[in-house]
Every structure is written in structure tokens, then in C-alpha cells.
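Trainee: Below is a structure I'd like to ask you about.
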Amino acid sequence: MFTILKPDSGTIADFLDSARRTGFSYNEIGATRGEIPAGYIVDRNRVLLGAGDDVWERAKVAIREWKMFDIGWARAVPADTPIEVGRDVAVVVSHFGIYSLNAARIVYVLDDDERFGFANGTLEDHGESGEELFLVDRNAETGEVHYSLLAFSRPGHLFTYLGYPAARYLQKEFAKASMAAMLRSAATIGYTTPK
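Here it is as C-alpha cells:
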């Protein structure tokens, strides 16, 4: 959904209520777990957050609190959505003087000693079509903790097709901003903006 007016809480609630009755906008549900399907653009991004148990715990909390969306021009609503399979979230994006509401559903959750995260799949009410994995992982030998984003997508809306260069720009900017947000939330190393 695209609008020139900033969506208020009622508009977002109505949008999510409608989205709950829709299905995924792509067929390859869960594909970020393994082989990425053909016909999509693939984006892989990864940043070192630091090392040690404190960083690991902060990184997991940051994922649970959707801090990777704490970037100013995009946010996940509701921000307290539990990280559970089947939960829906609206991603509200402000771009180029307009707003978009994009519906996604949690496809799967990873939670073990060395990985924590989840994959969001786009619903029919999303500008893109595909899936994105938000993951923190810990190396058992070194203790290093990384944040990774893995996404496959293609345009899922007429406006996205027409403005595809702008959509790709926003996807790349989101990845950079998301990594910076996770660094702010979880890192013990000095904060620098990823290039």
C-alpha cells in the first residue's frame, strides 16, 4: 500500500488485519534455509558485531526487539511482535516523499547455541516478493558474533516494477542501515557505518 500521508496506528492496524487474511506472494517458502530459487535478485550482507557472551546476548535481544529496523526511515510495526512462526508484521517505509506499508509473515525461526534469527516472507500486500533472513550467529571457537541479512526478491507491485532502480537503491540502503542499527544495539567494537 502506497500513500502520501504518514500512516497512523489505525491505518496500520487495519492494514495488518487485512494482510492476515492473505497468503505469501511467492512460492518458495523457507528457501533462505538452503538453495535460493532462480529468478530472484539475491542480497547477502554480513557484519561483525564483536565477540563474547555479552555481545551474543545483546545481539539476540536486538533481533527479538526488531532493532534491525531501528533506522529512522523504516520500522517494523508492531515493534513488540514476538519472533514466532506465523506472526505478521507491517514494515512502514518513508521514501521519496511517500510512505509504503508492506506486509510480511515470519516463516521460520532459528534458535540454537550458535544461531538466532528468523525469516520473513512477503505477503500479497508487499512492494516486493520474496524472503529475508535476519540472523545473528556465533563462532564457537573464536566467540565472534556476526549479523547477517540474506534476501531474495523481485518486484511484487506495479510501482516497484516502474521504480525498480529506486527499489534496489532502498534495498541496499536498508541493508547498510540495518547493519549499523545492529552494531549500535549489540556491538562492543567501535561503531562505524558499514560501506
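Numbering of the sequence shown is given in the working numbering, commencing with residue 1 and proceeding in unit increments.
Beta carbons: idealized from backbone N, C-alpha and C, even for Gly.
If alanine 186 sits next to valine 55, beta carbons under 8 Å apart, how far is it from one beta carbon to the other, in whole angstroms?
Mentor: The residue labelled residue 186 in the question sits at position 186 within the sequence shown. The residue labelled residue 55 in the question sits at position 55 within the sequence shown. Alanine 186 to valine 55, Cβ: 6 Å. Contact.
Trainee: Per DSSP, which residues does arginine 115 bridge with? Please list them.
Mentor: Residue numbering aside, residue 115 sits at position 115 when the sequence shown is read from its first letter. Bridge partners of arginine 115: Asp137.
Trainee: Give a yes or no on whether the C-beta atoms belonging to lysine 67 and methionine 182 are separated by under 8 Å.
Mentor: In the sequence shown, the residue the question calls residue 67 occupies position 67. In the sequence shown, the residue the question calls residue 182 occupies position 182. Closer than 8 Å, so yes.
Trainee: Go through its chain and collect everything with a Cβ distance to arginine 20's Cβ below 8 Å, but skip five positions before and after it.
Mentor: Residue numbering aside, residue 20 sits at position 20 when the sequence shown is read from its first letter. If we look at arginine 20 and ignore the five residues flanking it on each side, its Cβ neighbours are Asp88.
Trainee: Return the Cβ separation of glycine 121 and leucine 135 in integer angstroms, given the expectation that the two are a contact with Cβ distance under 8 Å.
Mentor: Along the sequence shown, one-based indexing puts residue 121 at 121. Along the sequence shown, one-based indexing puts residue 135 at 135. So it is not a contact: roughly 15 Å between Cβ atoms.
Trainee: For the beta strand (DSSP E) that contains leucine 150, what are its first and last residues?
Mentor: On the sequence shown, residue 150 is found 150 positions in, with the first residue counted as 1. For leucine 150, the enclosing beta strand (DSSP E) has its first and last residue at 144-155.
Trainee: Would you list, in sequence order, the uninterrupted alpha helix (DSSP H) runs of no fewer than 4 residues that lie entirely inside the region 32-79?
Mentor: 53-64
Trainee: Run the CB neighbour count on tyrosine 169, radius 10 Å, all protein chains shown included, and call it buried at 16 or more, exposed below.
Mentor: As a working mapping, residue 169 is identified with position 169 in the sequence shown. Exposed is the call here.
Trainee: Contact check, arginine 154 vs serine 129 under 8 Å by CB: the rounded distance?
Mentor: As a working mapping, residue 154 is identified with position 154 in the sequence shown. As a working mapping, residue 129 is identified with position 129 in the sequence shown. With a Cβ gap of about 5 Å, arginine 154 and serine 129 count as contacting.
Trainee: Who are the near neighbours of threonine 142 in its chain, counting only those whose CB is closer than 7 Å to its CB and skipping five residues on each side?
Mentor: As a working mapping, residue 142 is identified with position 142 in the sequence shown. If we look at threonine 142 and ignore the five residues flanking it on each side, its Cβ neighbours are Ala51.
Trainee: So, under 8 Å CB-CB, valine 109 and valine 145 are touching, yes? Tell me the CB distance rounded to an integer number of Å.
Mentor: In the sequence shown, the residue the question calls residue 109 occupies position 109. In the sequence shown, the residue the question calls residue 145 occupies position 145. Not confirmed; about 18 Å, so no contact.
Trainee: Quick check on aspartate 80: buried or exposed, where buried means 16 or more other Cβ atoms within 10 Å of its Cβ?
Mentor: Within the sequence shown, the letter at position 80 stands for residue 80. So aspartate 80 counts as exposed.
Trainee: Mind checking which residues open and close the alpha helix (DSSP H) that includes aspartate 8?
Mentor: Within the sequence shown, numbered from 1, the residue matching residue 8 stands at position 8. First-last for aspartate 8: undefined, no H or E at that position.
Trainee: When burial is assigned at 16 or more other CB atoms within 10 Å of the CB, is valine 107 buried or exposed?
Mentor: Against the sequence shown, residue 107 aligns to sequence position 107. Answer is buried; the Cβ neighbour count reaches 16.
Trainee: Within 10 Å of its beta-carbon, does serine 9 have 16 or more other beta-carbons around it, so buried, or fewer, so exposed?
Mentor: Your numbering for residue 9 matches position 9 in the sequence shown. The residue is exposed, with fewer than 16 neighbouring Cβ atoms inside 10 Å.
Trainee: For phenylalanine 96, I'd like the list of residues in its chain whose CB is within less than 7 Å of its CB, leaving aside the five on either flank, ordered along the chain.
Mentor: As a first step, residue 96 is located in the sequence shown; it is residue number 96 there, counting from the start. Result list for phenylalanine 96: Ala166, in chain order.
Trainee: Would you grab the beta carbon distance between phenylalanine 15 and aspartate 125 for me? Rounded to a whole angstrom, and I think it's under 8 Å.
Mentor: Within the sequence shown, the letter at position 15 stands for residue 15. Within the sequence shown, the letter at position 125 stands for residue 125. That belief holds up - the Cβ atoms of phenylalanine 15 and aspartate 125 are roughly 7 Å apart, short of 8 Å.
Trainee: Can you tell me whether valine 93 is buried or exposed? The criterion is at least 16 other CB atoms within 10 Å of its CB, across all chains shown.
Mentor: Against the sequence shown, residue 93 aligns to sequence position 93. Looking at its Cβ environment, which holds 16 or more other Cβ atoms inside 10 Å, valine 93 is buried.
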